[in-house]
């Protein structure tokens, strides 16, 4: 038996010439032969267009109105926990290698998500196919040929990076498979080897003179760039060096060198943090205004754009059913408001605890934030003098109130009416632990980070595309890699740049390596909350025999009770009275589809499934 049977299964074409994004204007007719396609420059361009299929939309589009990866981390809890939903299955530990709630999404293909194994391999196949024909294909100019080739290689790197983050070890295939080829020797390669291949593709894109540093017109939205290639290198070098994937090898100096080069290249070619709010009427003039604007507004397309921080964003806002949505507006997040659908994922107390006070002191001892397994006994930082457990939302990092709606915050609702956010017992937006209640928070907080202020049920505003990479992540990638490899001053400096945007003090001088890493990891959590980074960070930081029990099993909310003197009493509580699922050792990686595993093992004789599945 030849492995071509398995290859065909892996690369089953999911709409080979359909569902194309509008990177180029047309797609080739599926009835055409490849010879006819490569003879026509327009159809060659459309063949490249098919390589952009299945770039995931992420955010609230990714799993049916649910930021599933946030809800599956310790940053969020979904009020769909009592429904027949994917997140409820995760919380209850339901899932196996044949059917997994994160990996599989039959019936919701319009969101470009789910079936991550099959769809990513399909796109890699399309990229390989395109790279095989482009040298001799008809094009409008040699410059166009060079750019097309570079785009396909960077896209291939992106889809390989997605596979690695979800599944770990994978094979690397640079070409399409001949029908009579013998692939009995095909193996899952160590992550570092796969990342080396990813970096090689990225370097090819960076070296191409015709590949631009940024997209400057909307008609080219989502086309790959040199900046994207550097961002992929930055992120994936961190992945390869991390404990879950490094197989006992120390790759941190390598990751540091790559990230230092990435940040230098990006900042020398027009990328910078967005530090000045340009829409005060919407976002205000507070220290967190620029931060909120960059995460809640689409990047603009121009030679000199307003937003020089966003490196790559999706071309679409997403459509599912009759409701167009992508990053949800407040009219659908519940809050006890009229005309709302559900509140979906809300910030946990654990995420709120991560935001420092204004003097730059952590609220909790980051080395051991809780004294008990259930997180009901916070281990307060003895050096923090600003935090008041009886008034916990004042004097905090400005990003807290740009990420979570806390009791006492205000929002602008229908017709410009200002509402107080009253999450206390008896308030309009009070919590509910009733599993049938989808409109109220389980945690005592509501999400607001990616919501444009003033959005409401009757003022839905403009929808924005998902931002895959921001320059802030590259700064924090460098900070982590630098600290891990002993470049302490550079690590601190990179983190301080991100903190300075919102007026937070620089990290203290003289922190040792472990102390600095704790601060940098916490900074990642705060800055990148709700951007689907934490889910993967928690996993890559574990050793291969680790699990997520300490962070993700027992999560808490805040019960707020009014007192007669007009103040409030604050009480932490466990959202569930049983352990939440999805935190075992096996949950560090997704399982490969079992039918694929069975076919692979029959041909190669090797084990292909991830541990525990």
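In the numbering used here, the protein residues as written are 73 to 685.
Ideal Cβ positions, reconstructed from N, Cα and C, are used throughout, including at glycine.
Since this is a predicted model, take the numbers as computed values, not measurements.
For residue 269, the enclosing alpha helix (DSSP H) stretches over residues 263–279.
Within the model, the alpha-carbon separation for residue 361 versus residue 523 is close to 13 Å. Secondary structure note for residue 629: its beta strand (DSSP E) is the uninterrupted segment 628–634.
Every alpha helix (DSSP H) of 4 residues or more that sits fully in the segment 158–213 is shown, in chain order, as 158–163 and 188–205. Within its own chain, the residues whose Cβ lies closer than 6 Å to the Cβ of residue 278, once the five positions on either side in sequence are excluded, are 298 and 301, listed in chain order.
Sequence-distant Cβ neighbours of residue 112 in its own chain, meaning closer than 7 Å and more than five residues away, are 210. Excluding its 5 nearest sequence neighbours in each direction, residue 348 has C-beta neighbours in its own chain below 8 Å: 362, listed in chain order. Under DSSP, residue 148 shares a beta bridge with 419.
By a beta-carbon distance limit of 8 Å, residue 375 does not contact residue 469. Their separation comes to about 34 Å. Annotation for residue 645: the continuous beta strand (DSSP E) segment containing it runs 640–646.
DSSP places residue 324 in no beta strand (DSSP E) but in the uninterrupted alpha helix (DSSP H) bounded by 324–340. Nearest to residue 644 by C-alpha distance, out of 323, 444 and 582, is 444. A residue is called buried once 16 or more other Cβ atoms fall within 10 Å of its Cβ, and residue 370 is buried on that count.
For residue 170, the number of other beta carbons within 10 angstroms of its own is below 16, and it is reported as exposed. Residue 154 and residue 665 do not touch by the CB rule: their CB atoms are close to 28 Å apart, not below 8 Å. Bridge partners of residue 519 according to DSSP: 476. Within 10 angstroms of the beta-carbon of residue 296 lie 16 or more other beta-carbons, which makes it buried. Nearest to residue 676 by alpha-carbon distance, out of 256, 244 and 518, is 256.
Annotated as proximal: residue 311 and residue 612, with beta-carbon spacing under 8 Å. Burial state of residue 683 is exposed, judged by a 10 Å Cβ sphere holding fewer than 16 other Cβ atoms.
Measuring C-alpha to C-alpha distances from residue 124 to each of 205, 229 and 244 identifies 229 as the nearest. The beta carbons of residue 346 and residue 366 sit closer together than 8 Å. Of all C-beta pairs linking the segment 547–557 to the segment 576–590, three or more are shorter than 8 Å, placing the two stretches in contact. By the neighbour-count criterion, in which a residue is buried when 16 or more other Cβ atoms sit within 10 angstroms of its Cβ, residue 449 is exposed.
8 Å or more divides the Cβ of residue 502 from the Cβ of residue 493. Per DSSP, residue 511 lies in no alpha helix (DSSP H) segment and is marked neither H nor E. In this model, residue 104 and residue 110 are separated by some 10 Å (Cα to Cα). Contact between residue 144 and residue 294 is absent: CB atoms are separated by about 26 Å, not below the 8 Å threshold. Nearest in C-alpha terms to residue 640, of all of 285, 480 and 424, is 480. Residue 267 sits close to residue 308, with the two beta carbons spaced by under 8 Å.
In the structure shown, residue 365 falls within a helical segment according to DSSP collapsed to helix, strand and coil.
Judged by DSSP secondary structure, residue 482 falls within the beta strand (DSSP E) whose first and last residues are 482–484. Cβ-Cβ separation between residue 628 and residue 433: approximately 21 Å, too far for a contact (criterion under 8 Å).
In the DSSP assignment, residue 539 falls within the unbroken beta strand (DSSP E) covering 539–542. Nearest C-alpha to residue 566 among 485, 548, 271 and 122: 548.
The three-state secondary structure of residue 584, taken from DSSP, is coil.
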